[in-house]
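My numbering puts the first residue of the sequence shown at 841, with every later residue one more than the last. Virtual Cβ for every residue (Gly too), placed ideally from N, Cα, C. Shown next, in structure tokens, is the structure this report addresses.
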Amino acid sequence: MAGGMNKRGSGVPLGERRRSDRAAPAAAPARRTPTSPCPARHCWVGDPLDEEGEKRPGLLLEWRQSPDGWQGLVVYAARVRPGSWGLVQEWLPGSSLTPL
């Protein structure tokens, strides 16, 4: 049984471990857990490119602060042509994004 019987660990549960040599990210309006190494988060896009008036599920990849406030880099599906959907990646104001 590999890995389960040896007591050489640090005593910290695997779910609570993280790399200590990484710099902490700047505070952003995102719900992150300290144990999650992946920055991507599910979100709702309130102002999609195709302007069909409905929220779309999206994947928030990154936050940045601009002079106008926080912006999120998001990937989501939008109708790019009649009858054809595609993926859109764009920076949107944080006010257009809500947690999923």
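Item to complete: Name the one or two DSSP bridge partners that Ala-917 has.
Response: Leu-927
Discussion item. Determine whether the beta carbon atoms of Leu-932 and Trp-884 lie at a separation below 8 Å.
Written reply: Result no, Cβ atoms of Leu-932 and Trp-884 do not sit closer than 8 Å.
Fill in: Residue range of the unbroken beta strand (DSSP E) whose run includes Glu-902
896-906
Worksheet item: Would DSSP call Gly-893 helix, strand or coil?
Response: coil
Worksheet item: To which residues does DSSP link Leu-937 through a beta bridge?
Response: Val-885
Item to complete: State the DSSP-derived secondary structure class of Pro-922, mapped to helix, strand or coil.
Response: DSSP, reduced to helix, strand and coil, places Pro-922 outside both helices and strands of the structure shown, so it counts as coil.
Worksheet item: Ser-936 and Gly-893: beta carbons closer than 8 Å?
Response: no
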